[in-house]
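Basically the numbering used here = 1-based index in the sequence shown + 137.
Note that CB positions come from ideal geometry on N, CA and C, so glycine has one too.
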Amino acid sequence: MEGETNQPELKIIGIVEGDILSLGDAPKGYGESERTGYLEIFAEFHEGLDGVEAGQTILVLFWLHESSRDILKVHPRGKKENRLRGVFSTRSPVRPNPIGVSELKVLGIDGNRLHVQGLDVLDKTPVIDIKKKI
Numbered sequence: 138m139e140g141e142t143n144q145p146e147l148k149i150i151g152i153v154e155g156d157i158l159s160l161g162d163a164p165k166g167y168g169e170s171e172r173t174g175y176l177e178i179f180a181e182f183h184e185g186l187d188g189v190e191a192g193q194t195i196l197v198l199f200w201l202h203e204s205s206r207d208i209l210k211v212h213p214r215g216k217k218e219n220r221l222r223g224v225f226s227t228r229s230p231v232r233p234n235p236i237g238v239s240e241l242k243v244l245g246i247d248g249n250r251l252h253v254q255g256l257d258v259l260d261k262t263p264v265i266d267i268k269k270k271i
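In structure tokens, the structure reads:
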């Protein structure tokens, strides 16, 4: 139809509050992290938290806002001794669409703030989705 576009719209649903302030301080993955912090979910998305409970593990998708978007080959885990590989065969944060995913344990919930464990992203990283881990 005239005037319509099929361009996707990404909605930021919240923001990370944590103590990881630099890329060098970030763990290489959630499986290596005991770091705790909060996911502050914006008020308009609060109803979406119904059913999320303390003790469960959730999958959280992040927009890795400080990652480069123009690198297509990396040394896995940032180690120069690893041969260069395409970003789509790695979990590197640099990629055309810098979407990260972490499995986080919910330690507690206070309104629209989720206290979580396993953070591996920077403070102020935008949250783009939360899914139940199956």
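| Query | Result |
| --- | --- |
| Is DSSP giving LEU176 helix, strand or coil here? | strand |
| Only counting the same chain, and skipping five residues up and downstream in sequence, which positions put a Cβ closer than 6 angstroms to that of LEU244? | HIS252 and GLN254 |
| Can you give, in chain order, each stretch of the beta strand (DSSP E) that sits fully within the segment 145-215 and has at least 3 residues? | 151-154, 173-178 and 194-200 |
| Rounded to the nearest angstrom, what separates LEU198 and SER170 at their Cα positions? | 16 angstroms |
| Give the DSSP-derived three-state secondary structure of VAL238 in the structure shown. | strand |
| DSSP state of VAL231, grouped into three classes? | coil |
| With ILE271 as the anchor, note down where its beta strand (DSSP E) starts and where it stops. | Element bounds for ILE271: n/a, residue is neither H nor E. |
| Any idea which residues DSSP pairs GLY223 with across the strands? | LYS210 |
| Could you spell out the range, first to last residue, of the beta strand (DSSP E) harbouring VAL253? | 250-254 |
| With three or more C-beta pairs closer than 8 angstroms as the rule, is the segment 196-212 touching the segment 232-241? | yes |
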